[in-house]
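In this text, residue positions in the sequence shown follow this note's numbering: the first is 281, and each later residue adds one. Following: one structure in structure tokens, then a few remarks.
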Amino acid sequence: MNALLKRPYSTLDAAAAAARTASTPRAVRLRRPNIASGESDALLSGLTPTEFTRYQRALAKGELLRPDGTEPTEGEWLAKLNSRRSRLRGTREVVTPSGATETQVVGEKVYLPNIIFRLVPNFTPPGKPYNPYEATFRIPQSVTKTDVRAYLAAMYGVQTTYIRTDNYVAPLRRAWNTSWVRGRSYRTYKRAVVGLVEPFYYPMMLEDMSNEERQAREEFLEQEYHIKFREDMVKSQLLRLTKKNSPGWAWRGDFTTRRGTILKKIAEQRALREEFIQVTKERIQEAREQ
């Protein structure tokens, strides 16, 4: 796509700007003035409060003074900052003997390691619309923000505006037959929330389908991965461990875990307890009368 047709970062969509504000670290949000949910804290020029502070500091130190004595505006400074953020690293422009300019790769080739970038749906609070200007990945803990930006740009040509990362560490669990604790590596990962210039919707989301498409999708998932069958098996094992000594108990599928069935069992147990208390009370009264 022509560079002139691409939307610059300084003119982010309102949803993208609001998502950038919402994904700001909590310590940064506490330092900034409170704003309503779903709104952006960006200035009219497109700068965030942090970027505006950097711009004012650079102006005061005289670092932005040009040879002709002028200073860049906020928009010009932001455009230069974003161009540096999204630059193609590892290359340089060289002039050939013929006078032409070409791009030359600096250093040795770097091959991609054996890692997995797992794309997952964005976290969407109940009642809020899905934000297409963000993408969420689960990546190894050794991958940095620069690696994520370079990987998306080199492999898919995706331009990013910001990247937020946080680590999810698996809890340590003690095995029943050992005296030491051990973690579960498959539950330890790093989450990367990436801001996008162009909108992107997670494919095949059930929330975006009609009733017929959703039903067909759920049937396909059940046929291929047996999700409902696996959930029933887990419930069956849990109930079998807790109810195995109860006489006459049997697993009856989903009917066993319904709310009405559970309330009925509770009412039956309560009636038995009340009957036992009443019988015991009558026996005590008879013993006192004698």
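All C-beta atoms in this analysis are idealised placements derived from N, C-alpha and C, irrespective of residue type, glycine included. Values in this document were obtained by computation on a predicted structure and should not be read as measured data.
Residue range of the beta strand (DSSP E) that residue i falls in?
i      : result
Asp446 : Thr440 to Tyr448
Thr383 : Thr381 to Val385
Thr371 : Thr371 to Val375
Val400 : Arg398 to Val400
Thr416 : Glu414 to Ile419
Could you check the C-alpha separation between residue i and residue j for me, to the nearest Å?
i      : j      : result
Asn314 : Ala302 : 12 Å
Thr440 : Arg429 : 7 Å
Tyr448 : Lys425 : 16 Å
Ser378 : Leu432 : 34 Å
Arg367 : Arg334 : 20 Å
Gly349 : Ser317 : 42 Å
Lys508 : Phe500 : 12 Å
Glu319 : Asp488 : 24 Å
Ser490 : Pro483 : 14 Å
Glu555 : Arg471 : 56 Å
Pro401 : Ala298 : 18 Å
Gly570 : Lys561 : Residue identity check: residue 570 is Gln in the sequence provided, not Gly. Distance between the alpha carbons of Gln570 and Lys561 is about 15 Å.
Arg568 : Asn457 : 54 Å
Leu361 : Leu344 : 12 Å
Gln586 : Thr541 : Any property of residue 586 remains undetermined from this structure, which presents the chain solely from 281 to 570.
Val559 : Leu521 : 32 Å
Arg553 : Leu518 : 25 Å
Arg306 : Ala338 : 26 Å
Thr304 : Arg444 : 8 Å
Ile564 : Ile557 : 11 Å
Arg454 : Lys389 : 44 Å
His506 : Leu310 : 45 Å
Pro352 : Pro393 : 41 Å
Gln336 : Ser363 : 19 Å
Only counting the same chain, and skipping five residues up and downstream in sequence, which positions put a Cβ closer than 8 Å to that of residue i?
i      : result
Leu486 : Arg494, Arg497 and Glu498
Glu331 : Leu358 and Leu361
Assuming residue i is part of the alpha helix (DSSP H), what are its boundary residues?
i      : result
Ile564 : Arg539 to Glu569
Glu354 : Glu354 to Arg365
Ala472 : It is not in any alpha helix (DSSP H) - Ala472 instead sits in the beta strand (DSSP E) that spans Tyr469 to Leu476.
Phe332 : Pro329 to Lys341
Who are the Cβ neighbours of residue i in its own chain at under 6 Å, not counting the five residues just before and after it?
i      : result
Tyr410 : Thr404
Ser325 : Glu354 and Gly355
Thr468 : Val449 and Ala450
Val386 : Gly370 and Arg372
Gly342 : none
Ala296 : Tyr413
Please state the DSSP three-state secondary structure of residue i.
i      : result
Pro288 : With a pLDDT of 45 at Pro288, under the threshold of 50, the modelled position of that residue is not reliable, and the figure given next carries that caveat. Here Pro288 sits in coil by DSSP.
Ala296 : helix
Ala307 : helix
Leu486 : helix
Arg429 : helix
Phe509 : helix
Glu493 : helix
Arg520 : helix
Short of 7 Å in beta carbon distance, which residues of its chain neighbour residue i, apart from the five on each side in sequence? Order them along the chain.
i      : result
Glu382 : Val374 and Thr376
Pro329 : Arg312 and Asp321
Pro406 : none
Gln549 : none
Notebook entry, point to check: Three or more beta-carbon pairs under 8 Å between the stretch 418–438 and the stretch 393–403, yes or no?
Noted result: yes
Next item on the list: Check whether the stretch 503–512 touches the stretch 471–478, taking contact to mean three or more Cβ pairs, one atom from each stretch, closer than 8 Å.
Entry: no
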